[in-house]
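Undergrad:
Protein chains: 2
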Amino acid sequence: MMKIRLLLLFFIFSFSCLYAEDGSKLWLRYTPVSKEMAKNRSITADAKNPVAVQAQHELATFWKGQSIDLKLDKKLTHLKDGFKITGHRDRIKVTAHEPAGLLYAAYHLLQLQETDQQVLNLNVEEIPSFDIRMLNHWDNLDRTVERGYAGYSIWQWDDLPKLLSPRYEAYARANASIGINATVINNVNASPQILSSEYLLKLKGLSDVFRRYGIKVYLSVNFSSPKILGGTSDSDPLNPQVILWWRNKVKEIYSVIPDFGGFLVKANSEGQPGPQDYGRTHAQGANMLAAILKPYQGLVMWRAFVYNPSTEDRAKQAYQEFVPLDGQFSDNVIIQIKNGPIDFQPREPFNALFGALKKSHEMVEFQITQEYLGFSNHLVYLAPLFKETLDRDTYADGKGSTVARLTDGTLRPAGKTAIAAVANIGDDTNWTGHHFAQANWYAYGRLSWNHQLASEQIAEEWIAMTFSRDKQFIAAVKEMMMTSREAAVNYMMPLGLHHIFAFDHHYGPEPWGDQKGGRPDWMPWYYHQADTIGVGFDRTASGSNAISQYSPHVANIYGDILLCPDQYLLWFHHVPWHYTMKSGLSLWDELCYQYDLGVKQVRDMQKVWDRLENQVDQQRFAEVQSKLKIQAKDAVWWKDACLLYFQTYSKRPIPYDIERPVHELEDLKKIKLNMKHHN
Amino acid sequence: MMKIRLLLLFFIFSFSCLYAEDGSKLWLRYTPVSKEMAKNRSITADAKNPVAVQAQHELATFWKGQSIDLKLDKKLTHLKDGFKITGHRDRIKVTAHEPAGLLYAAYHLLQLQETDQQVLNLNVEEIPSFDIRMLNHWDNLDRTVERGYAGYSIWQWDDLPKLLSPRYEAYARANASIGINATVINNVNASPQILSSEYLLKLKGLSDVFRRYGIKVYLSVNFSSPKILGGTSDSDPLNPQVILWWRNKVKEIYSVIPDFGGFLVKANSEGQPGPQDYGRTHAQGANMLAAILKPYQGLVMWRAFVYNPSTEDRAKQAYQEFVPLDGQFSDNVIIQIKNGPIDFQPREPFNALFGALKKSHEMVEFQITQEYLGFSNHLVYLAPLFKETLDRDTYADGKGSTVARLTDGTLRPAGKTAIAAVANIGDDTNWTGHHFAQANWYAYGRLSWNHQLASEQIAEEWIAMTFSRDKQFIAAVKEMMMTSREAAVNYMMPLGLHHIFAFDHHYGPEPWGDQKGGRPDWMPWYYHQADTIGVGFDRTASGSNAISQYSPHVANIYGDILLCPDQYLLWFHHVPWHYTMKSGLSLWDELCYQYDLGVKQVRDMQKVWDRLENQVDQQRFAEVQSKLKIQAKDAVWWKDACLLYFQTYSKRPIPYDIERPVHELEDLKKIKLNMKHHN
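Here it is in structure tokens:
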């Protein structure tokens, strides 16, 4: 009996550190300052702007340190919407050029507080890397989310504008806390309906909330909107009726939302309408809209993600389409370019358009939602993926022409600089489906604010604010996060393999994928090009010559099988199975070990997480544990599917020290998941 | 082009050693001797008995060595149906007391030839360990096979006796080649119909084939046959009408099958009728049949596998039922006792009945078909399991009272000694579903012939005759086979756990298994007794005291938690989770490592097999490889299910260096396989 009581006590003790947690708080877990403590310090602001008031409010509620004075200084234009913080033991002074700068400073101070950093002697100046730090929602008006894996859209259109979900403010606050100041509310595959007067009023409901957090609203627009919504005879950008319709519509928008940001346009791509439908160029289409938006300081983000079924390598098409138009785009058009030449793969080389457009404004588009990275089932920390593109040297303007410096205004003076990423946010309680997917939202925001931050530092901040400030805990979880993206590449498509996903839903492996009469550029075999000789897409001069789109320095490296980094090898080269890799292994063996490594890495992630059970609340522990199980099973699925499939070409044994497949290729081929683009 | 041709040549060469193989030949792959070679030697026989002729025929067809003379010698009674072989470079002399002895000698010589052993100087005397070496078929008359996993029954009742499948002779020859000389043709859950005149004539068709290979036919009989088939008022063994019916029926049987072996009876067990239905004892029931069979030298095998739903430990019931009857059974009754006290589990201690019946004839019943060992999906070499029981010292008649010596006539003079095993044979092309399950049929035969053979030697013989004589190949496959049973115990139920199988079909794990209103002794919780304190069935004096059924020496060891071998620990003891094992680990940790070891062992088996790809024909290689994949997946399933379930009691973490679960307990609980007893 004594024994049982002791055991009971033991259990109660072990679980005492656990409390209910659903992840809804994200990284914003400040606890209010005590009245006692608040008495001893003051938080003042010299501005009555709602954003400045919000800054003051956050600090008054949560700041546990010395007094703070918030000041706007219209002379400090160099700060943009950044801030300057100086301070000592008794008092901190925050200055900013914009009210939003004060708000960002407030969150900066709270972040220092929540991550146990010193605040007694501060001398900080932060100027954001990009002017426009933008989320792209692929949310449809029926509340499905294309490539969304965290439930339905958070925009409750039926209730808007009358009912405002408390989520809208929580969303705005979370974004502001990491510097995001722009949001494209709807899917790039846009319904014209979003431009209806009814929806513009709903949108006003949202933008009124967002404005207090310094966030501007943008819209994706359907290029056929004039014809569909306005009844014009066509949507030709040179048709005066069409132009008139747009002019009136823009006027209407700004009458409802005076600080409206502008349009995002996916035109003539994957079935979307565009200027080419009328024999006009992308430039003509974009410039028409830009001209109308210009008086309002509105912008056009024009997507470069265009490709068509043709004999030309898909990876080359955006470049071929846009480079000839270079110099023709208006000043308030920014070409929005996906980080890689294909489509948000686990790993891609940088898009050759970066730097190649010498006289056009460019911006990067990332994907936070994990369309090609295990949805919200796989833990994949994306900061290293984002950094990989941002830090890549294009050599477009000589050494040091990184994608970041080409797009942030450093190398090429620009009107407004911008960066965008497809959001992973839905109405799931924890916002992003996977608790660790919150880190990708966080990391994107932090990098859009300062692209020089290290992935490690961002991870540390996020872990400390989201889970625990314990140093060993942070170290363990950071290690897991930092491994995770390489793990995903390894178990999905190492060595430069790409787009061998199952058709349509892009979740599992389908390297054998083929559809009678389907577009080759939507078929996995198009991308891996496996045959009995080898595997990989020859994009050198002997192949598609996509390599020629890069600057000579880059082309020389990627185009030379001896110089090309392993991680891009099969992206640029068709490599024989027997080819000797830098490791000394044959390509086939190396491929096998990479897949196996991916599986091992996920299993190690499971071990790391399980060890932390007593340091995480029960709900989030169990939910992440459960997702890691799925990831571990999926990793084996990927490994078996890819190795067994490629083995039918390589005819080589899987190295015998590797854990053997547990699936039959024929069984895996039968798997047809009933998954939609969205959930 | 040159390159492609070279590659083609390479492929053709690599596959040149592979040929189509379906496993139908079992271990009988002798190739006929050339005419040239046959000319230079003679095979003579001094007997015209069909069995002796068969012996002569086998040698004449396949023997590639010197001349052989086969002789019967009626004086050599000590040989029983064994043989003596003496010989030198030019001539071999085989003598036997029975014609079957000549046939066994022929297969012995062919085995020496096929396993590359010397035959130039022979001096061999082999006397079988048991007189009756028996297979029990659990085949139903509708051709389903209870607990059969190799297709339908090989007995094609509709076609018998007119059409004789060539499989009957192949079956008889395979059995004779390993010394099996008796077969119970039908399920112990017997249909009375088997005793109908129609079926006896069908049976004659089979027995006529088997006789040429020295094999006697036995029948399982339903104790209610007189009433059901003969229309008697009941089946009371003391009812003169009943006795008369049996007498006439036995007379009829012997008129059709003069060398009929006798009856196997499952009575008053799991719903089968028996003498207790009329207030008679097992002894009265058995003796009635024995008296009728005695004039024909017929035998009664009476099964001790009886238990009833009661508060008494199921493991004790057979002992309690039969020991009080000791001394009452007729001389031609043999009590057929399953190797363990429960039911063919992956590991059981020996059945306490062995030796406890001092004045009754006893025989062991093994199970070759893998009811509790992964069906025909898992590679589990059973010779070590058989040996484990045979070699176990019961101390019933003092030290050295092994189960083998108690039942083979060494320690206790017996009329006829016997051994039985439930067959794993079906109409699958490869006979046993899994190519390696053939080894269990082989091993059982070899051990019934000579229970002192080592498992390793039997494996070597079987591998050499079934796959390859290559020494490295044999060593690798033998290692895999020798590990396999421990692997299965480890991933299914280590440390003495038992019967935590899914209800009814006994394939997967279901330690949580429970059925409202179901018999407790058919529920896994009855056997594992897990609670927050610990796990295991207390069968010591403080529990069910099943331990008291063993001789004091054995009871002292198994009953003492400090002395009890780990492999039986949870069979006999309820052990606290924190209990320190011999390894120094806690019980919980030890359990975790055992399950994990099981998974690793199966993965290692996969590696061994895959390495042998070029040394095995393609079909058998691929089929075994595929089964090993299932086994590897199942092992993880077992590990996850049992550890996650027991963890709900132990409340302890799975040691962190162990590969983490990939399943959710709640998902596993939902698995309901639609499997029948038979296929």
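So the sequence lines, in the order shown, correspond to chains A and B.
Residue numbers for the first sequence follow the working numbering, so the first one is 1 and each next one is one higher.
Residue numbers for the second sequence follow the working numbering, so the first one is 1001 and each next one is one higher.
All C-beta atoms, glycine included, are put in the ideal place defined by N, C-alpha and C.
At a Cβ cut of 9 angstroms, what residues of the stretch 121-132 of chain A count as close to chain B, listed as they run along the chain?
TA: Result list empty, no residue passes.
Undergrad: Residue 610/A touches chain B at which residues, Cβ-Cβ below 8 angstroms?
TA: Walking along the first sequence from the start, residue 610/A turns up at place 610. Neighbours of residue 610/A on chain B, chain order: 1653, 1654, 1656, 1660.
Undergrad: Between residue 968/B and chain A, is any beta-carbon pair separated by less than 8 angstroms?
TA: Absent from the structure is residue 968/B, since the part of chain B shown begins at 1001 and ends at 1679.
Undergrad: Please report the straight-line C-alpha distance between residue 1385/B and residue 1485/B, rounded to a whole angstrom.
TA: Residue numbering aside, residue 1385/B sits at position 385 when the second sequence is read from its first letter. Residue numbering aside, residue 1485/B sits at position 485 when the second sequence is read from its first letter. Near 7 angstroms, if we compare the C-alpha coordinates of residue 1485/B and residue 1385/B.
Undergrad: If we count Cβ pairs, one from each stretch, closer than 8 angstroms, do we get three or more for the stretch 280-292 of chain A versus the stretch 240-252 of chain A?
TA: Yes, the stretch 280-292 of chain A is in contact with the stretch 240-252 of chain A.
Undergrad: For residue 232/A, which residues from the same chain have a beta carbon less than 6 angstroms from its beta carbon, with the 5 sequence-adjacent residues on both sides left out?
TA: Stepping through the first sequence from its first residue, residue 232/A is reached at position 232. Hits under 6 angstroms: 226, 241, 242, 245.
Undergrad: Can you list, in chain order, the residues of its chain whose CB lies under 8 angstroms from that of residue 489/A, leaving out five sequence neighbours each side?
TA: In the first sequence, counting from the first residue as 1, residue 489/A sits at position 489. Excluding sequence neighbours, residue 489/A sits near 346, 347, 567, 598.
Undergrad: Between residue 1670/B and chain A, is any beta-carbon pair separated by less than 8 angstroms?
TA: For the purposes of this step, residue 1670/B is taken as the residue at position 670 of the second sequence. Output row for residue 1670/B: interface = no.
Undergrad: Excluding the 5 residues preceding and the 5 following residue 127/A in the sequence, name in chain order all residues of the same chain whose CB lies nearer than 8 angstroms to its CB.
TA: For the purposes of this step, residue 127/A is taken as the residue at position 127 of the first sequence. These residues qualify, in order along the chain: 78, 79, 80, 82.
Undergrad: Output yes if chain B places a C-beta closer than 8 angstroms to the C-beta of residue 606/A; else output no.
TA: Here the question's residue 606/A lines up with position 606 in the first sequence. Cβ-Cβ to chain B under 8 angstroms: yes for residue 606/A.
Undergrad: Taking only runs of the beta strand (DSSP E) that begin and end inside the stretch 258-338 of chain A, which ones reach a length of at least 3 residues, in chain order?
TA: Counting only runs of 3 or more, we get 262-265, 299-303, 333-338.
Undergrad: I need the boundaries of the alpha helix (DSSP H) containing residue 202/A, first residue and last residue.
TA: Position 202 of the first sequence, counting from 1, holds the residue named residue 202/A. Per DSSP, residue 202/A belongs to the alpha helix (DSSP H) from 197-211.
Undergrad: For residue 87/A, which beta-bridge partners are listed by DSSP?
TA: Here residue 87/A corresponds to residue number 87 of the first sequence, with the count starting at 1. For residue 87/A, which the question treats as bridged, DSSP gives the partners 92/A, 122/A.
Undergrad: Excluding the 5 residues preceding and the 5 following residue 13/A in the sequence, name in chain order all residues of the same chain whose CB lies nearer than 6 angstroms to its CB.
TA: For the purposes of this step, residue 13/A is taken as the residue at position 13 of the first sequence. Low per-residue confidence applies at residue 13/A: pLDDT is 45, beneath 50, and the placement is therefore not dependable, though the value from the model is reported in the following sentence. The answer is none, since no qualifying residue turns up.
Undergrad: Using a beta-carbon distance cut-off of less than 7 angstroms, what residues from the stretch 1624-1643 of chain B approach chain A?
TA: Of all residues in the stretch 1624-1643 of chain B, 1626, 1629, 1632, 1633 have a Cβ within less than 7 angstroms of some Cβ in chain A.
Undergrad: In its own chain, which residues sit with a C-beta less than 8 angstroms from the C-beta of residue 281/A, not counting the 5 before and 5 after it?
TA: Translated into positions along the first sequence, residue 281/A becomes position 281. Contacts found: 275, 325, 328.
Undergrad: Contact between the stretch 1047-1054 of chain B and the stretch 1645-1654 of chain B is defined here as three or more beta-carbon pairs at a separation below 8 angstroms; is this criterion met?
TA: Because the criterion of three Cβ pairs below 8 angstroms is not met, the stretch 1047-1054 of chain B and the stretch 1645-1654 of chain B do not touch.
Undergrad: Sorted by chain position, which residues of the same chain lie with C-beta nearer than 7 angstroms to residue 995/B's C-beta, five sequence neighbours on each side aside?
TA: Nothing can be reported for residue 995/B, as the shown portion of chain B is limited to 1001 through 1679.
Undergrad: Whole-angstrom Cβ separation of residue 1574/B and residue 1529/B, contact assumed at under 8 angstroms?
TA: Within the second sequence, the letter at position 574 stands for residue 1574/B. Within the second sequence, the letter at position 529 stands for residue 1529/B. The pair is a contact, with the Cβ atoms about 6 angstroms apart (cut-off 8 angstroms).
Undergrad: Roughly how many angstroms lie between the CA atoms of residue 1491/B and residue 1434/B, to the nearest whole one?
TA: The residue you call residue 1491/B lines up with position 491 of the second sequence. The residue you call residue 1434/B lines up with position 434 of the second sequence. Those two C-alpha atoms are separated by around 19 angstroms.
Undergrad: Who are the Cβ neighbours of residue 256/A in its own chain at under 7 angstroms, not counting the five residues just before and after it?
TA: In the first sequence, the residue the question calls residue 256/A occupies position 256. Around residue 256/A: 200, 201, 204.
Undergrad: For residue 479/A, return the contacting residues in chain B, with the cut-off set at a CB-CB distance below 7 angstroms.
TA: As a first step, residue 479/A is located in the first sequence; it is residue number 479 there, counting from the start. The contacting residues do not exist; residue 479/A stays about 14 angstroms from chain B at best.
Undergrad: Quick check: residue 1617/B and residue 1021/B, are their CB atoms within less than 8 angstroms of each other?
TA: Reading the second sequence from its first residue, position 617 is the one you call residue 1617/B. Reading the second sequence from its first residue, position 21 is the one you call residue 1021/B. Yes, Cβ-Cβ distance for residue 1617/B and residue 1021/B is below 8 angstroms.
Undergrad: Along chain A, in chain order, which residues have C-beta atoms closer than 9 angstroms to that of residue 1663/B?
TA: Taking the first residue of the second sequence as position 1, residue 1663/B is located at position 663. What residue 1663/B touches in chain A: 629, 633.
Undergrad: What are the residues that DSSP puts in a beta bridge with residue 182/A?
TA: In the first sequence, residue 182/A corresponds to position 182, counting from 1. Paired residue(s): 134/A, 216/A.
Undergrad: Give the DSSP bridge partners of residue 72/A, in chain order.
TA: Within the first sequence, residue 72/A is the residue found at index 72, counting from 1. 96/A.
Undergrad: Distance check for residue 1379/B and residue 1602/B, CA to CA, integer angstroms please.
TA: By one-based count along the second sequence, residue 1602/B stands at place 602. By one-based count along the second sequence, residue 1379/B stands at place 379. Answer to the nearest angstrom: the Cα atoms are 9 angstroms apart.
Undergrad: Is the stretch 131-147 of chain A close to the stretch 414-423 of chain A, with three or more CB pairs under 8 angstroms?
TA: Counting Cβ pairs under 8 angstroms, three or more are found: they touch.
Undergrad: Does the pairing of the stretch 1398-1407 of chain B with the stretch 1454-1474 of chain B give three or more beta-carbon distances under 8 angstroms?
TA: The stretch 1398-1407 of chain B, when compared against the stretch 1454-1474 of chain B, does not touch it at the 8 angstroms Cβ threshold.
Undergrad: Between which two residues does the alpha helix (DSSP H) carrying residue 619/A extend?
TA: By 1-based counting over the first sequence, the position of residue 619/A is 619. 618-650 is the span of the alpha helix (DSSP H), which, as asked, contains residue 619/A.
Undergrad: Three or more beta-carbon pairs under 8 angstroms between the stretch 261-280 of chain A and the stretch 213-226 of chain A, yes or no?
TA: Contact holds: three or more Cβ-Cβ distances are below 8 angstroms.
Undergrad: Does the Cβ of residue 1207/B have 16 or more other Cβ atoms within 10 Å, making it buried, or fewer, making it exposed?
TA: As a position in the second sequence, residue 1207/B is number 207, starting the count at 1. Label assigned to residue 1207/B: buried.
Undergrad: Just the Cα atoms here: how many angstroms apart are residue 423/A and residue 444/A?
TA: Position 423 of the first sequence, counted from the first residue, corresponds to residue 423/A. Position 444 of the first sequence, counted from the first residue, corresponds to residue 444/A. Computed Cα separation, rounded: 10 angstroms.
Undergrad: Near residue 586/A, which residues of its chain fall below 6 angstroms by C-beta distance, leaving aside the five closest residues on each side in sequence?
TA: Reading the first sequence from its first residue, position 586 is the one you call residue 586/A. These residues qualify, in order along the chain: 578.
Undergrad: Suppose contacts are defined by Cβ-Cβ distances below 8 angstroms. Is residue 1361/B in contact with residue 1408/B by that definition?
TA: Looking up residue 1361/B in the second sequence gives position 361. Looking up residue 1408/B in the second sequence gives position 408. Their beta carbons are not under 8 angstroms apart, which means residue 1361/B does not touch residue 1408/B by this criterion.
Undergrad: Under three-state DSSP, which class holds residue 1056/B?
TA: Position 56 of the second sequence, counted from the first residue, corresponds to residue 1056/B. In this structure, residue 1056/B counts as helix in the three-state DSSP scheme.
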